[in-house]
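With numbering that gives the first Met the number 0 as the guide, the letters of the sequence shown map in order to residues 0 to 184. Using N, Cα and C, we set each Cβ at its ideal position, and we do this for glycine too.
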Amino acid sequence: MTLEVSKPRQNLNELARQLGIWAELIYRWRSEFLQKGEGSFPGHGKLKHTFEEVGIVKLKKQLRELEMERGILKKLSVSFPREAGNLPVYSRAQGQIFPPEKICKVFQVNRSSYYTYLAGAVSQRAQANKNLLAMIKEVHQKSKQHYGSPRIQQVLKAHKMQVFRSRVACLMQQAGASGNEEKKI
Numbered sequence: 000m001t002l003e004v005s006k007p008r009q010n011l012n013e014l015a016r017q018l019g020i021w022a023e024l025i026y027r028w029r030s031e032f033l034q035k036g037e038g039s040f041p042g043h044g045k046l047k048h049t050f051e052e053v054g055i056v057k058l059k060k061q062l063r064e065l066e067m068e069r070g071i072l073k074k075l076s077v078s079f080p081r082e083a084g085n086l087p088v089y090s091r092a093q094g095q096i097f098p099p100e101k102i103c104k105v106f107q108v109n110r111s112s113y114y115t116y117l118a119g120a121v122s123q124r125a126q127a128n129k130n131l132l133a134m135i136k137e138v139h140q141k142s143k144q145h146y147g148s149p150r151i152q153q154v155l156k157a158h159k160m161q162v163f164r165s166r167v168a169c170l171m172q173q174a175g176a177s178g179n180e181e182k183k184i
């Protein structure tokens with residue numbers, strides 16, 4: 000409405016005083032109207048974009064996200080393997096340059112696992128494996144490192160612990176323990 004009233008007038012300062020607004024505002028409105036036409040006053044402070052401008056805005060957003068993901072890969076993939084346990088070390092040391100959500104997305108790690116690790120909670124399975132490994136090492140040492148996973152599993156079964164041989168073998172392998180068979184002559 001202000002622009003329609005200002006079109007025939009030469010003295011915009013007088014019009015600004017009558018409307019109770021600044022004259023510079025009317026000048027700016029006029030120039031915006033000449034540049035963008037009806038799209039210059041969208042309302043609620045949000046610009047109306049043309050179809051091409053909407054596409055450009057989306058592409059710029061995608062570009063920012065891809066650049067961030069590339070930066071994460073550059074800085075993290077060289078230093079750390081793809082495990083949730085190593086991500087917090089990086090983000091704490093670097094002052095969280097990248098958002099944890101992006102780091103987890105790039106390395107395909109659950110965010111819940113990441114935050115659980117940050118809280119310092121140990122899973123029940125990990126705790127059980129730790130206890131079982133201690134027992135396996137004890138039996139292995141008592142046997143003078145001769146027992147392999149089948150015999151250790153039998154000893155654990157005798158102690159009322161039901162454990163599969165494959166789990167015993169896996170834990171022994173992780174600990175670097177193996178059964179040495181005595182050569183029969």
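Do residue i and residue j have their CB atoms nearer than 7 Å?
{"i": "V138", "j": "V154", "result": "yes"}
{"i": "A22", "j": "N12", "result": "yes"}
{"i": "S148", "j": "M171", "result": "yes"}
{"i": "Q144", "j": "N179", "result": "yes"}
{"i": "A174", "j": "L131", "result": "no"}
Please classify residue i: is it buried, with 16 or more other beta-carbons within 10 angstroms of its beta-carbon, or exposed?
{"i": "Y116", "result": "buried"}
{"i": "I96", "result": "exposed"}
{"i": "A118", "result": "exposed"}
{"i": "Y190", "result": "Within the shown structure, residues of the chain are numbered from 0 to 184, placing residue 190 beyond reach of any answer."}
{"i": "M0", "result": "Low per-residue confidence applies at M0: pLDDT is 47, beneath 50, and the placement is therefore not dependable enough to give any value."}
Give the DSSP-derived three-state secondary structure of residue i in the structure shown.
{"i": "G19", "result": "coil"}
{"i": "F32", "result": "helix"}
{"i": "K143", "result": "coil"}
{"i": "S177", "result": "coil"}
{"i": "N10", "result": "coil"}
{"i": "T186", "result": "With the chain covering 0 to 184 only, the question about residue 186 has no answer from this structure."}
{"i": "V121", "result": "coil"}
Residue i: which of the options sits nearest, CA to CA?
{"i": "Q152", "options": "Q144, Q140, K141 and S165", "result": "S165"}
Do the stretch 51-71 and the stretch 100-109 meet, that is, are 3 or more Cβ pairs less than 8 Å apart? yes
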